[in-house]
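Participant: Below is a structure I'd like to ask you about.
Number of protein chains: 4
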Amino acid sequence: MIKVGIVGGTGYTGVELLRILVQHPKVRLKVITSRQESGMGVDELFPSLRGQVALKFSDPAQADLSQCDLVFFATPNGVAMQQTKKLLDVGVKVIDLAADFRIKDVAEWEKWYGMQHASPELVAEAVYGLPEVNREKIRQARLIANPGCYPTAVQLGFLPLIEAGIVDVDHLVADTKSGVSGAGRKAEVHTLFAEAADNFKSYGVPGHRHLPEIRQGLGARSQKPVGLTFVPHLTPMIRGIHATLYARLLKETDLQALYEERYIDEPFVDVLPAGSHPQTRSVRGSNFCRIAVHRPQGGDMVVVLSVTDNLVKGAAGQAVQNMNIMYGLPETMGIKHVPLLP
Amino acid sequence: MIKVGIVGGTGYTGVELLRILVQHPKVRLKVITSRQESGMGVDELFPSLRGQVALKFSDPAQADLSQCDLVFFATPNGVAMQQTKKLLDVGVKVIDLAADFRIKDVAEWEKWYGMQHASPELVAEAVYGLPEVNREKIRQARLIANPGCYPTAVQLGFLPLIEAGIVDVDHLVADTKSGVSGAGRKAEVHTLFAEAADNFKSYGVPGHRHLPEIRQGLGARSQKPVGLTFVPHLTPMIRGIHATLYARLLKETDLQALYEERYIDEPFVDVLPAGSHPQTRSVRGSNFCRIAVHRPQGGDMVVVLSVTDNLVKGAAGQAVQNMNIMYGLPETMGIKHVPLLP
Amino acid sequence: MIKVGIVGGTGYTGVELLRILVQHPKVRLKVITSRQESGMGVDELFPSLRGQVALKFSDPAQADLSQCDLVFFATPNGVAMQQTKKLLDVGVKVIDLAADFRIKDVAEWEKWYGMQHASPELVAEAVYGLPEVNREKIRQARLIANPGCYPTAVQLGFLPLIEAGIVDVDHLVADTKSGVSGAGRKAEVHTLFAEAADNFKSYGVPGHRHLPEIRQGLGARSQKPVGLTFVPHLTPMIRGIHATLYARLLKETDLQALYEERYIDEPFVDVLPAGSHPQTRSVRGSNFCRIAVHRPQGGDMVVVLSVTDNLVKGAAGQAVQNMNIMYGLPETMGIKHVPLLP
Amino acid sequence: MIKVGIVGGTGYTGVELLRILVQHPKVRLKVITSRQESGMGVDELFPSLRGQVALKFSDPAQADLSQCDLVFFATPNGVAMQQTKKLLDVGVKVIDLAADFRIKDVAEWEKWYGMQHASPELVAEAVYGLPEVNREKIRQARLIANPGCYPTAVQLGFLPLIEAGIVDVDHLVADTKSGVSGAGRKAEVHTLFAEAADNFKSYGVPGHRHLPEIRQGLGARSQKPVGLTFVPHLTPMIRGIHATLYARLLKETDLQALYEERYIDEPFVDVLPAGSHPQTRSVRGSNFCRIAVHRPQGGDMVVVLSVTDNLVKGAAGQAVQNMNIMYGLPETMGIKHVPLLP
């Protein structure tokens, strides 16, 4: 059994980790921390977990994380980078669901996240936890930077085109739509029901933090740096990401075959039949990414449609997938949930 | 392994049965029928099931159900009563998720359902599949009448009061709210998104088919027939039932203790701490019924709050719970899903 | 032209007042205050008002409200009671959309609202602004206590029964459902989209502040004090209140005729044909209250269904209706909006 | 007073026309037809219109449309083209809200709409009713082809760029999102609440009927034919269109000034301040189109954000705007509704 701790368990990635881990056959939850809810039963805050978990939230200052084999950080950006070194030093592995270790260029990270990095020396060591790209490195890793929600859906959608070198990488467009849970469980006006329901808007068009992450990921698989226009939108649903990706085709290719071959061995990437339109609900509550590739009217524009559940493949599910790989378990263990439809 | 067939697998109770059964460790799905979608892959209609099930919908006229140990009817009312006799005769057990065998008084059934009953002789044999009341009978049954969604939430909420004989049973009130999936996957104007979203309404106030079913269930546990005012409402959410129940208290009682004791051994009924307000999302995708009991301002009115997922404990989950009981399996096998929150 | 000020214009009742008043033919908006947004253009905060209003939010400490003929308080409870005396003294009339002057029994008010009343002497003078009951008093009033959203829907629904003295007033039940905008535009976790969407729950079952207000209003029209069980619920829609009311009938009455006669001259109360089920969207964005009355299966329980838009007839629209009456204008002036459907 | 008829008044564009026209100061509604609901009171079908309109739906076969000055067709595609000639011949003007007269190339129309055109000779005469382009022609027109919902939002968003000739018109991208009311009030499974809520998907990626309409409209203002990739999506809200438009900039330009100047005199096109993100709810229930223009990170990609209410500026409101122009009325008469927010 893997002894697991969760730091910052009161947000949506925290409760989603709990939903998965309480039924994972190889995990024993040892500790879960929360500054604000310290002392409260986990199932008091999240009644969905009644009967599933007996833990209380511990004060982070008191919690003994060194008893764990693995600690998940489900904290705001900037927390994991303060505490990871100490844990690694005593042999505890770390998976950070926030952004602290995602960007290799520390200066770039500091620019986008508006703070100084506390552990730049760990950035180089951290493995970017996208199994479809880095499975072998994940297997050996002590420290995983779990990808962002948009970056997961966008990279999985673009990768076959980029790796094949068949599109104009200077003018990629990613038009992405996220459910509101992506904004987290913070009390803010713009994500109130009466603000976000029956409404649709873009945000962060001048620049969003997931842009450098996606550029880094795609750039690493491309022959040259990628130029990406990335426009995120907020859509009135709880969970789900839909990425609509546009790229100009430079070379005749059987796109359907390209995608099917790229992902044939991937347990969580599902290439739909030609002509399909994936729906976010087809992955709700599950770790799947479903992808369709189109070439409208046979022109030179490729349109890729990629859907995930932002809290599962976009966060907690992928983190558990990484854990499974790190510990040599079957990669799908504990994350085989059938999507909830309707 | 139990060889299972599903008749009528294209509705919401059908797809929910599939979600559960494809991962049930003791079930082998043999056949699933659909008149309209015959020949189509199940996962073509329901992309959430891609990779989970290889079956195609069979034409009901061709399907060999006699190879099954158990057949679920997830059909409109009036279908199971035509086919059940033949199946029972060849040793196949039946669980009907529709209403054909729920009402013991055949004339009453015919009045509310507007058709003649095709198998009145089976009505007496059928066991009403509410495990919290009929567990022993279910164990022996060949034919289960799986309860309606409202009747499950309302009966579980009222039963402790009724059985204890401490409320005025002449003037019970059940004000119930259902998500739109309760209306099924039929193309109708009033359940279109643009009709049902951002809207709230009652329906069936003059009389709803679940009224006689609830009256029968409560009456059987009461010292006299119950008088019930039942008002269902449609609420703009996909899944979930919230029953708000009102009864006049005739005798001082520790209500919290009464409820906790009544359900102490029930794996799927969760009595919340005093003062709680259950939310439908705390049971979303799960087989739980969560209940809270109140006595506002210490007056003589008891208010019971009872929530379920209409497609799970209100339909497919309860059907599988009944199957588990019938086959001597652990009652919770395959239906331990942690609710999906948020 | 009536010179109008709004104190506290950044909440939902504030923006709804603005939506109505910017097109009211007899109103000139002079000042709108906000502590937090002082200096910001009204249409910057509410882009729906671009091109409709040139005002900026003023600092409440600086704003000269004495230039107004009438001031609306769209503030949290406890603000209007601090400032009203000063305004009345200089001849400015006041309509308070909060609860400061709604409850005649000051001790009762202080108990439910948890603060000491700053102007108990004004409570007696204040007129409860439900035109269907107090039209003549409103005409003469300097100070209006605009009713709460639930109290409006519940009182209009119960009044014909209460006034006719034909129901058991000791055991009234009001099961009410509100859209999330009723909770206001405050950043709170429980009204986030990801918390409130696809979810249904009750709240305040042990006691809600609108209970004493409804009891007072109904009690004043009854031959004896009323006993009311009041259970509010949160439903995943933006606007709308649906009150489902239950009362035991003591005397044979033509209920449809009773309701139609009671409201025959009321411009904003619409009694639906017998057998109807009003929908909240049928009043969305409008000042109407639509009511249907049922007697299921001819029994002794009356069920009344009453719907309003909580921000219009339940708040800003009713406030403007009161203003129209106070100033001798046609009662419907500026509030004739056709409901937005779908 | 303009005597107005509506053919096909039971859909969403029909009820929206009614919402607007019943309060238009220069319109007298004479007749409204419906094959299916003939004889039913309009306010029976749409309770939002109770007290607003006394008309009943007439049988199209019996209705005397020749008494009208103007007839709106709010019918499915293919109806108006059958009846328009007869009306024009007796001096009745026609505004078709469907697609019958939108595409000048009849063969192209027949390809996309899958039927033979019944009045090809009228196609040339019909004026495409986008006032921001064709105001003068509309003034003289007998027959208006009212634009589609997507084409309105997309053309208004792209026009300043196209007319200025500063972008690569060979590779335009329009990623558009629509509320579900855009699919009409037809009973279909895919627009049921339980299918469309909490879900996001694209549709029609291989080719959507609004593509040739947009290409025609933009092409007419461009120096050469435009190449457009058009991807529509369904978003879980009732009303609203959000178009996110991408074009490669070929020439340095002050984009904000370009947009402001282009629309400075347009009463219904609102260019937001630089850096804005328009929300669909900021135009809900109104005839506005709000637009923002961005150039992320100062690169060569222009991103335009354009929002409308699909039923107002995207259908009924624009139709009334066209009527106002045709009859020399103030262009904003009867369509000055303040958007409903929240």
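Note that the protein sequences, when read in sequence, are chains U, E, X and D.
Numbers in our numbering are just positions in the first sequence, counted from 1, shifted up by 1191.
Numbers in our numbering are just positions in the second sequence, counted from 1, shifted up by 1191.
Numbers in our numbering are just positions in the third sequence, counted from 1, shifted up by 1191.
Numbers in our numbering are just positions in the fourth sequence, counted from 1, shifted up by 1191.
Heads up, the beta-carbon is just placed ideally off N, CA and C, and yes, glycines get one too.
Answer yes or no: does any C-beta atom of chain U fall closer than 8 Å to that of residue 1391 of chain D?
Facilitator: Against the fourth sequence, residue 1391 of chain D aligns to sequence position 200. For residue 1391 of chain D, the answer is yes, since a Cβ of chain U falls inside 8 Å of its Cβ.
Participant: I want to know whether the segment 1375-1387 of chain D touches the segment 1447-1455 of chain D - three or more CB-CB distances under 8 Å.
Facilitator: Flag = no, the segment 1375-1387 of chain D and the segment 1447-1455 of chain D do not touch.
Participant: Residue 1461 of chain X lies in the beta strand (DSSP E); which residues open and close that run?
Facilitator: Locating residue 1461 of chain X in the third sequence gives position 270, counting from the first residue. Counting along the chain, the beta strand (DSSP E) containing residue 1461 of chain X begins and ends at 1460-1462.
Participant: Over the uninterrupted beta strand (DSSP E) stretch that includes residue 1422 of chain E, give me the two end residues.
Facilitator: By one-based count along the second sequence, residue 1422 of chain E stands at place 231. Note, residue 1422 of chain E: beta strand (DSSP E), 1419-1425.
Participant: Name the two residues that bound the continuous alpha helix (DSSP H) containing residue 1302 of chain E.
Facilitator: For the purposes of this step, residue 1302 of chain E is taken as residue 111 along the second sequence, with counting starting at 1. Per DSSP, residue 1302 of chain E belongs to the alpha helix (DSSP H) from 1297-1304.
Participant: Nearest to residue 1217 of chain E by CA position, among E:1198, E:1194 and E:1496, is which residue?
Facilitator: Position 26 of the second sequence holds residue 1217 of chain E. Among E:1198, E:1194 and E:1496, the Cα nearest to that of residue 1217 of chain E belongs to E:1194.
Participant: Using 8 Å as the limit for Cβ to Cβ distance, is residue 1239 of chain E near chain U?
Facilitator: To locate residue 1239 of chain E, count along the second sequence from 1; it is residue 48. Yes - at least one Cβ of chain U is within 8 Å of the one on residue 1239 of chain E.
Participant: Can you give the Cα-Cα distance for residue 1230 of chain D and residue 1485 of chain E, rounded to whole angstroms?
Facilitator: In the fourth sequence, counting from the first residue as 1, residue 1230 of chain D sits at position 39. In the second sequence, counting from the first residue as 1, residue 1485 of chain E sits at position 294. So the two alpha carbons sit approximately 50 Å from each other.
Participant: Using a 10 Å radius around the Cβ and a threshold of 16 neighbouring Cβ atoms, would you call residue 1509 of chain U buried or exposed?
Facilitator: Residue numbering aside, residue 1509 of chain U sits at position 318 when the first sequence is read from its first letter. Its Cβ being crowded by 16 or more others within 10 Å, residue 1509 of chain U is buried.
Participant: When you measure from the CB of residue 1194 of chain D to every non-hydrogen atom of the ligand MN, does any distance come out below 7 Å?
Facilitator: In the structure on display, the ligand MN does not appear, and there are no ligands present to speak of.
Participant: Which of the residues in the segment 1455-1479 of chain E, read from start to end, lie with their CB under 8 Å from any CB of chain X?
Facilitator: Listed by position, the residues of the segment 1455-1479 of chain E near chain X (Cβ gap below 8 Å) are 1466, 1468, 1469, 1470, 1471, 1472 and 1475.
Participant: Answer yes or no: does any C-beta atom of chain E fall closer than 8 Å to that of residue 1366 of chain X?
Facilitator: Taking the first residue of the third sequence as position 1, residue 1366 of chain X is located at position 175. Taking Cβ atoms only, chain E reaches closer than 8 Å to residue 1366 of chain X, which makes this a yes.
Participant: Indicate whether at least one CB of chain D lies closer than 8 Å to the CB of residue 1384 of chain E.
Facilitator: For the purposes of this step, residue 1384 of chain E is identified with residue 193 of the second sequence, where counting begins at 1. It does; some Cβ of chain D falls within 8 Å.
Participant: Would you decide whether residue 1250 of chain X is buried or exposed? Buried here means 16 or more other CB atoms lie within 10 Å of its CB.
Facilitator: Here residue 1250 of chain X corresponds to residue number 59 of the third sequence, with the count starting at 1. With fewer than 16 other Cβ atoms within 10 Å, it is exposed.
Participant: Can you list, in chain order, the stretches of the beta strand (DSSP E) that have 3 or more residues and sit fully within the segment 1269-1339 of chain D?
Facilitator: For the segment 1269-1339 of chain D, whole beta strand (DSSP E) runs of length 3 or above, ordered along the chain, are 1284-1287 and 1334-1336.
Participant: So who's on the other strand from residue 1368 of chain X, going by DSSP bridges?
Facilitator: As a first step, residue 1368 of chain X must be located in the third sequence, where it is residue number 177. Paired residues: X:1424 and X:1433.
Participant: Nearest to residue 1489 of chain X by CA position, among X:1475, X:1482 and X:1466, is which residue?
Facilitator: Counting from 1 along the third sequence, the entry for residue 1489 of chain X is found at position 298. Comparing Cα positions, the closest option is X:1466.
Participant: Answer with yes or no whether the minimum CB distance from residue 1371 of chain E to chain D is below 8 Å.
Facilitator: Locating residue 1371 of chain E in the second sequence gives position 180, where the first residue counts as 1. True, the Cβ-Cβ gap to chain D drops below 8 Å.
Participant: Here's a check: name, in chain order, each residue in its chain whose Cβ is nearer than 7 Å to the Cβ of residue 1477 of chain E, leaving out the five neighbours to either side.
Facilitator: As a first step, residue 1477 of chain E must be located in the second sequence, where it is residue number 286. 1500, 1503, 1528, 1529 and 1530.
Participant: Which value, in whole angstroms, describes the spacing of the CA atoms of residue 1333 of chain E and residue 1208 of chain E?
Facilitator: One-based indexing of the second sequence puts residue 1333 of chain E at position 142. One-based indexing of the second sequence puts residue 1208 of chain E at position 17. Using only the alpha carbons, I get a separation of about 19 Å.
Participant: Please state if the CB of residue 1320 of chain D and the CB of residue 1329 of chain D are separated by a distance shorter than 8 Å.
Facilitator: Locating residue 1329 of chain D in the fourth sequence gives position 138, where the first residue counts as 1. Locating residue 1320 of chain D in the fourth sequence gives position 129, where the first residue counts as 1. It is a contact, given that the beta carbons lie within the stated cut-off.
Participant: Of all the CB atoms in chain E, is at least one closer than 8 Å to the CB of residue 1485 of chain X?
Facilitator: For the purposes of this step, residue 1485 of chain X is taken as the residue at position 294 of the third sequence. Yes, contact with chain E.
Participant: Per DSSP, residue 1470 of chain E forms a beta bridge with which residues?
Facilitator: On the second sequence, position 279 is the one that residue 1470 of chain E refers to. Residue 1470 of chain E is bridged to X:1392.
Participant: Could you tell me which uninterrupted alpha helix (DSSP H) segments, each at least 4 residues in length, are contained entirely in the segment 1218-1257 of chain D, listed from first to last along the chain?
Facilitator: Fully enclosed alpha helix (DSSP H) runs of 4 or longer: 1233-1236.
Participant: Residues of chain X with a CB under 7 Å from the CB of residue 1242 of chain D: which are they?
Facilitator: Residue numbering aside, residue 1242 of chain D sits at position 51 when the fourth sequence is read from its first letter. Simply 1461.
Participant: I'd like the list of long-range same chain contacts for residue 1424 of chain U, defined as Cβ closer than 6 Å, with 5 residues on each side in sequence excluded.
Facilitator: Counting from 1 along the first sequence, the entry for residue 1424 of chain U is found at position 233. Closer than 6 Å at the Cβ level, and outside the excluded window around residue 1424 of chain U, lie 1368 and 1393.
Participant: Do we get a CB-CB distance below 8 Å when we pair residue 1429 of chain X with the residues of chain D?
Facilitator: Taking the first residue of the third sequence as 1, we reach residue 1429 of chain X at position 238. Closer than 8 Å to some Cβ of chain D, the Cβ of residue 1429 of chain X qualifies, so yes.
Participant: In the DSSP assignment, find the unbroken beta strand (DSSP E) run with residue 1507 of chain X in it and report its ends.
Facilitator: Taking the third sequence and counting its residues from 1, one reaches residue 1507 of chain X at position 316. Counting along the chain, residue 1507 of chain X falls outside any beta strand (DSSP E), and DSSP gives it neither H nor E.
Participant: Determine the burial state of residue 1441 of chain U: buried for a count of at least 16 other Cβ atoms within 10 Å of its Cβ, exposed for fewer.
Facilitator: On the first sequence, position 250 is the one that residue 1441 of chain U refers to. Exposed: under 16 other Cβ atoms inside 10 Å.
Participant: With H, G and I counted as helix, E and B as strand and the rest as coil, what does DSSP make of residue 1357 of chain E?
Facilitator: On the second sequence, position 166 is the one that residue 1357 of chain E refers to. Note: residue 1357 of chain E maps to coil in three-state DSSP.
Participant: Quick one: any contact between the segment 1251-1258 of chain D and the segment 1290-1308 of chain D, if contact means 3 or more CB pairs under 8 Å?
Facilitator: Cβ pair count under 8 Å is below three, so no.
Participant: Just to confirm the assignment, what range does the alpha helix (DSSP H) spanning residue 1196 of chain D have?
Facilitator: Taking the first residue of the fourth sequence as position 1, residue 1196 of chain D is located at position 5. Where residue 1196 of chain D is concerned, there is no enclosing alpha helix (DSSP H), although the beta strand (DSSP E) it sits in stretches over 1193-1198.
Participant: Go ahead and pull the three-state DSSP assignment for residue 1402 of chain X.
Facilitator: Residue mapping note: residue 1402 of chain X aligns to position 211 of the third sequence, counting from 1. Looking at residue 1402 of chain X - three-state DSSP - the assignment turns out to be helix.
Participant: I need the straight-line Cα distance from residue 1433 of chain U to residue 1215 of chain U, nearest angstrom please.
Facilitator: The residue given as residue 1433 of chain U occupies position 242 in the first sequence. The residue given as residue 1215 of chain U occupies position 24 in the first sequence. Roughly 28 Å separates the two Cα atoms.
Participant: What are the boundary residues of the beta strand (DSSP E) that includes residue 1211 of chain U?
Facilitator: Locating residue 1211 of chain U in the first sequence gives position 20, where the first residue counts as 1. It is not in any beta strand (DSSP E) - residue 1211 of chain U instead sits in the alpha helix (DSSP H) that spans 1203-1212.
Participant: With C-beta atoms as the reference, is residue 1380 of chain X less than 8 Å away from residue 1378 of chain U?
Facilitator: By one-based count along the third sequence, residue 1380 of chain X stands at place 189. By one-based count along the first sequence, residue 1378 of chain U stands at place 187. Contact flag set, yes.
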